[in-house]
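Chemist:
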Amino acid sequence: MLFVNNWFVLAASAGLCLSVCLAGCSRQMSSQTVAVAQDALNEAGQLLADGDAGGALSKIESALAGGLDADQAAQALLVRARCYAHQGDFEKAAADIEQALMGAPDEAMVQLTRGVLEQKQGNSSAAKKHFSAAKRLDPSIVIPSN
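Heads up: the sequence shown begins at 321 in the numbering used here, then just goes up one per residue.
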């Protein structure tokens, strides 16, 4: 009986050690995943600012694959919405804006993205309204020329 109890304690201890080890590995992989996703989000923003909507879209897809918190995921959706708007896919752009609103978006970026969508659809008065709202919320925001 003593042998069985010792074996059970030994097995339970080994299982606990394995669980702790795997949890540590999971956290490490998670932080690496987060860093990769954040880098992809930053690169996508830069590519979009440089006028490369296709390149930005590719990067943003990898960012959205995992590792972003709610704020960053909402930001990524807004970047993707701007990419779609630049490519003329207004339906997907509008869907991403709506999905971002369910997260924790930066309201100025929501207004900016809505302005870009309206601008690309030829609705200049609606675009100006959204751009003005974006500037009011964040005076440092850069309004695109077209």
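Glycine residues also receive a C-beta, built at the ideal position from the N, C-alpha and C atoms.
Is it a yes or a no for the stretch 370-381 touching the stretch 410-417, going by three-plus beta-carbon pairs under 8 Å?
Modeler: no
Chemist: Under 7 Å Cβ to Cβ from Ala-464, same chain only, skipping five residues before and after it: list those, please.
Modeler: Working through the sequence shown from its first residue, we reach residue 464 at position 144. Per the sequence shown, the amino acid found at residue 464 is Pro instead of Ala. Close CB contacts of Pro-464 within its chain, under the 7 Å cut and outside five residues either way in sequence, are with Val-436 (chain order).
Chemist: Which residues mark the beginning and the end of the alpha helix (DSSP H) in which Gly-408 is found?
Modeler: Working through the sequence shown from its first residue, we reach residue 408 at position 88. From DSSP, Gly-408 is part of no alpha helix (DSSP H); its letter is neither H nor E.
Chemist: Look up Asn-362 in the DSSP assignment and say whether it is helix, strand or coil.
Modeler: By 1-based counting over the sequence shown, the position of residue 362 is 42. In this structure, Asn-362 counts as helix in the three-state DSSP scheme.
Chemist: From Ala-390, Thr-353, Gln-392, His-406, pick the residue whose C-alpha is nearest to that of Ala-376; which is it?
Modeler: The sequence position of residue 376 within the sequence shown is 56, counting from 1. For the residues Ala-390, Thr-353, Gln-392, His-406, the minimum Cα distance to Ala-376 belongs to His-406.
Chemist: Among the candidates Thr-353, Ala-355, Thr-433, Arg-400, whose CA atom is the shortest distance from the CA of Ala-454?
Modeler: Indexing the sequence shown from 1 puts residue 454 at position 134. For the residues Thr-353, Ala-355, Thr-433, Arg-400, the minimum Cα distance to Ala-454 belongs to Thr-433.
Chemist: Taking its Cβ as the centre, do 16 or more other Cβ atoms sit within 10 Å of Met-429, making it buried, or is it exposed?
Modeler: Stepping through the sequence shown from its first residue, residue 429 is reached at position 109. Buried, because 16 or more other Cβ atoms sit within 10 Å of the Cβ of Met-429.
Chemist: Going along the chain, which residues of its own chain have a beta-carbon closer than 7 Å to the beta-carbon of Ala-331, five neighbours each way excluded?
Modeler: What you label residue 331 is simply residue 11 of the sequence shown in a count that begins at 1. Residue placement at Ala-331 is poorly supported in this model, since its pLDDT is 33, which falls under 50; the coordinates still yield a value, given next. The answer is none, since no qualifying residue turns up.
Chemist: Quick check: the Cα distance between Leu-457 and Val-354, rounded to an integer number of angstroms?
Modeler: Locating residue 457 in the sequence shown gives position 137, counting from the first residue. Locating residue 354 in the sequence shown gives position 34, counting from the first residue. Within the model, the alpha-carbon separation for Leu-457 versus Val-354 is close to 28 Å.
Chemist: Please list, in chain order, all residues of the same chain as Cys-403 whose beta carbon is under 7 Å from its beta carbon, the five residues on each side excluded.
Modeler: Mapped onto the sequence shown, residue 403 falls at position 83. Same-chain partners within the cutoff: Leu-368, Ala-373, Ala-376, Leu-377, Ile-380.
Chemist: Please report the residue range of the alpha helix (DSSP H) in which Val-436 lies.
Modeler: Numbered from its first residue, the sequence shown carries residue 436 at position 116. Segment 427-440, the alpha helix (DSSP H) holding Val-436.
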